[in-house]
Amino acid sequence: MSQGEPKHDAATVSEERSGYDAPAAEAKWQKYWAEHETFKASDAPDDKRQRRYVLDMFPYPSGDLHMGHAEAYAMGDVLARSWRMQGFNVMHPIGWDSFGLPAENAAIKNNEHPARWTYENIATQKKSFQRYGLSLDWSRELHTSDEEYYHWTQWLFIQFFKKGLAYQKDGYVNWCPKDQTVLANEQVKEGRCERCGTLVTKRELKQWYFRITEYAQRLLDDMAQLEGKWPERVLAMQRNWIGRSEGAWVKFHIDGRDEPVTVFTTRPDTLYGATFMVVAPDAALADEVVTDEHRAAFEAYREKTNHSTEIERQSTEHVKTGVPLGVEATNPVNGEKIPVWAADYVLSEYGSGAVMAVPAHDQRDLDFALKYGLPVRQVIDTGEGDPAQTGVATAGDGAYMNSGPLDGLKDKESGKKTIVEQLQAQGTGEQTVTYRLRDWLLSRQRFWGCPIPIIHCPNCGDVPVPDDQLPVKLPDLRGEALAPKGISPLAAATQWKSVTCPVCGKPAERDTDTMDTFVDSSWYFFRYCSPHDDQGPFRAEDVARWAPVDQYIGGAEHATMHLLYARFFTKVLKDLGMIDFVEPFTRLLNQGQVINQGKAMSKSLGNGVNLGEQLDKYGVDAVRLTVVFAGPPDEDIDWADLSPKSSLRFLQRAHRLAGEVTSPLGADPASGDRPLRRATHKAISEITDLLAAGRFNVAIARIMELVNATRKTVDGHNAPNSNAGSDDPAVREAVEFIAQALSLFAPYVSEEMWEVLGHAPSIADSSWPTADPALLAAEEVTMVVQVQGKVRAKLSVSPQITEQQAIEAAMADSNVQRALNGRPVVKTITKLPRMVSLVPGK
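Below, the structure is given as structure tokens:
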């Protein structure tokens, strides 16, 4: 082990041959837990125990479990087991996020249906979860690709549609050329598809969206409930992604266009410095206003920029380009005509896709202006050089200049207020708040996903599939029929696609896109509360019984996708009257990564570690103990620095202790070795607090210390041919708690210890002990004795010493007597039990 590893004395060799058979114990207790449904949560109305809901982010069945799973699921199991032993009715469910591209790609490659690959992998992972000793409630198991699950995903989509939160629109979207599907912004990482790594391009398509922007402010406001309970970095990431900005809408009239263009700015006070307008080349506005003379150049430019990613276009190192659109806009504060350009550093998703350019005070605008010879007008004197000469935009505060009624003002807020009042009086603008967050694009042009339950009718428009026709099931497509073709494979399923409109009865067509898998994972934690209900996605009374989730465990990489979407879904369900809370996860724990040799595990790097091989070699308990003991849960751990072999030796050592206990079951520990009892109760107190604080690695260190203390007590009392130490009831008390505490991390050896100690199975059903306050109190304290203000003695005394006893003890000390030199004590000052001060007479 990397920290706190116990020393191995001469007894260690025999301890390592203690007879603990890990494979046999694993098989034995897996069977017992399954047969007795040990970890099944109770829904019984008469079960009065307080409930706790522990949830791990559910896995994708891409193959067998890996080292990352080993850490993440061990953390959740520690909490579930500890809460259960503390008397809570604990729900700790499991399921699989089983739709998605990997299964579809495998089906194309192997000429099969995606379901075969998916459910074979689920079976493999399920066996591994069971082997890993997780205290899961298997009665609640779910798969998002089961019809009984996606039936209700479709039903929820329809509720969103009826509420106006699901809609279609045309627009440029992120497109993965390899996977041949649309990607949400959150699924583009550094300009590439997060799944396959291909550079993402832009494509114009009609797509489905969820109106998450309608909940932007609530998503921000409700974070107050999560402060101190979620990692601050996750909350910061969500705040940044939502991106609240206060400013103003400003209306610019463009030549030849009846309706004004509304532009958002956070600095309306710099409007006098707006010398041109820039429009995103992929915005509908650019295509609308470009003149015939400039159209050919514009369309060529737009095609070129569609091959650049948003990340590239927004990069500060990116060389900005653009083309004129041949029209002018009117600046509403001064009536000045300013040219309109298409430029690649503006994004179509930002407001109307148009931005007023103030080059003197924005570096991107300045770079563009200097490149194309556009005007630069300074409107704030910051004391720095003229940006037109220095090439450096000035973003600081100062006195307004060249700004009409603002000239001479120095207060930015006053400047903003003055301009906004002017705009409102003219009817050309108003104060507003905008968000960086964009509506959730959920259409996917792939097969293995939840079909969108909408029928497109030429007469009736978009019609939701009636409830009695749900679920809309996937047709039987496989192999080459699933290959990416730029449209969804479902579009080629003519018989499946052709339906009758449920409103008018005329021929119509099903929607042929499927939903983003993040839709499935945005509500699965509710389904666990009513896993097999066929009347709805869940029963309100079941959710009221269990939710919200008390502790959620998963990776921080989901901070701006899954977690944000799940929070959005929860708020919508609250508004639909289906639940009575607004945040789904009360507490969030992010586990770190398991790396090797300083780098992420990778086949190409040759540093991958096979979890199954580690389990075979060292046993489940040793691997679980190793990953949890390696460090705080949220920190990365390097497998190269760890030693499951040392963990195994420690577990064998603990197991041997159980076999050496000879005092009878139920023996009163009060008559036992007091120092060991004090060590045991100190461990109970500290480990209980450490578990509550999430300091699992330190809790393991305390277990190790107690094992060492118990070992010394046993060996110290056991003279040759004697078993006095083993027969001490305090030893039994210590070993019983060692088994209970270890069961959170190493469940198999703990069950074996519990059985050897004479208890009925399972240790998971045992009650967590409470520390005795009397054994936590110090038995002796140091009392300082002063004579005329000088320390003359330090005495060990009882914490309960009386004033008379303290004075007598002080007076009896030889050093104190020498200091008094026969003089009588005329005054005593006591601060018991820490100090006695004696003042002698002359």
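Each residue of the sequence shown is one higher than the last, beginning at 1 in full-length UniProt numbering. Even glycine gets a Cβ: it sits at the ideal position worked out from N, Cα and C. All values reported here derive from a predicted model rather than from experimental measurement.
Candidates Val188, Gly408 and Arg211, of which the one nearest Thr201 by Cα: Taking Thr201 as reference, the option from Val188, Gly408 and Arg211 with the minimal CA-CA separation is Val188.
Inter-residue Cα distance where the pair is Tyr301 and Asp282: 10 angstroms
Chain-order list of residues whose beta-carbon lies under 7 angstroms from that of Ser726 (same chain, five-residue window excluded): Glu660, Val661, Thr662, Val714 and Asn718
Distance between beta carbons of Ala654 and Val749, contact taken as under 8 angstroms: 7 angstroms
Inter-residue Cα distance where the pair is Lys571 and Glu583: 7 angstroms
Trp496 versus Pro632: straight-line alpha-carbon distance, rounded: 52 angstroms
Own chain partners of Ala630 with C-beta closer than 6 angstroms, once the 5 adjacent residues on each side are dropped: Contacts found: Ile637 and Leu642.
Secondary structure of Tyr167, DSSP reduced to three states: strand
Residue range of the unbroken beta strand (DSSP E) whose run includes Ile455: Ile454 to Cys457
Counted within 10 angstroms of its Cβ, other Cβ atoms place His113 as buried (16 or more) or exposed: buried
Paired residues, beta bridge with Lys127 - DSSP: Lys127 is not bridged to any residue.
Reduced DSSP category for His655 - H, G, I as helix; E, B as strand; rest coil: Reduced to three states, the DSSP call for His655 is helix.
8 angstroms contact criterion, which Pro280 and Ser348 should meet: CB distance rounded: The amino acid occupying residue 280 in the given sequence is Ala; Pro does not appear at that position. Contact flag correct, Cβ pair sits at about 4 angstroms.
Val319 burial status per 10 Å Cβ neighbour count (16 or more: buried): exposed
Start and end residues, alpha helix (DSSP H) containing Ala354: Premise fails: Ala354 lies in the beta strand (DSSP E), Ala354 to Ala357, not in any alpha helix (DSSP H).
Arg695 (DSSP reduced to helix, strand or coil): coil
Own chain, CB closer than 6 angstroms to Leu665, minus 5 neighbours either side, in chain order: Gly758
Close-in-space but distant-in-sequence residues of the same chain around Met1 (CB under 8 angstroms, 5 per side omitted): Reliability fails at Met1, whose pLDDT of 37 lies under 50, so the model's placement of it is uncertain and the value that follows must be treated cautiously. The answer, listed in chain order, is Thr626, Phe629, Leu642, Ser643, Ser646, Ser647 and Phe650.
First through last residue of the beta strand (DSSP E) which encompasses Trp249: Unbroken beta strand (DSSP E) run through Trp249: Arg244 to Ile254.
Beta-carbon proximity check, Ala251 vs Gly398, cutoff 7 angstroms: Ala is not the amino acid found at residue 251; the sequence shown has Lys there. No.
Buried versus exposed, by CB contacts within 10 Å (16 or more), Tyr32: exposed
Inter-residue spacing [alpha-carbon to alpha-carbon] between Cys457 and Val503: 9 angstroms
Environment of Lys827 [buried if 16+ CB atoms lie within 10 Å]: exposed
C-alpha gap between Thr330 and Arg377, whole angstroms: 16 angstroms
Val420 - DSSP class collapsed to helix/strand/coil: helix
Straight-line Cα distance separating Glu317 from Asp97: 39 angstroms
Of the listed residues Ala764, Gly822 and Gly536, nearest to Lys842 (C-alpha basis): Ranking Ala764, Gly822 and Gly536 by CA distance to the CA of Lys842 puts Gly822 first.
Asp365 to Gly247 span [Cα, whole Å]: 18 angstroms
CB-CB length for Arg444 against Thr514, believed under 8 angstroms: Right, the Cβ-Cβ distance comes to about 5 angstroms (below 8 angstroms), so this counts as a contact.
Validate contact between the region 593–607 and the region 99–112 using beta carbons, cut 8 angstroms, 3 pairs: no
Same chain only: Cβ atoms within 8 angstroms of Ala793, ignoring 5 sequence neighbours per side: Val784, Val785, Ala810, Asp813, Asn815 and Val816
Where Gly415 falls, given that 16 or more other Cβ within 10 Å makes a residue buried: buried
Contacts around Gln130, its chain only, beta-carbon distance under 6 angstroms, and the 5 residues preceding and following it disregarded: Gln30
Proximity test, Gln593 beta-carbon vs the ligand COA heavy atom, cut-off 6 angstroms: Absence of the ligand COA is noted for the structure shown, with no ligands found whatsoever.
As assigned by DSSP and simplified to three states, the class of Glu15: Annotation note: pLDDT 39 at Glu15 (below 50); position unreliable, coordinate value reported separately. In the structure shown, Glu15 sits in a helix (DSSP, three-state: H, G or I).
Beta-carbon gap between Leu285 and Gly243 smaller than 7 angstroms: no
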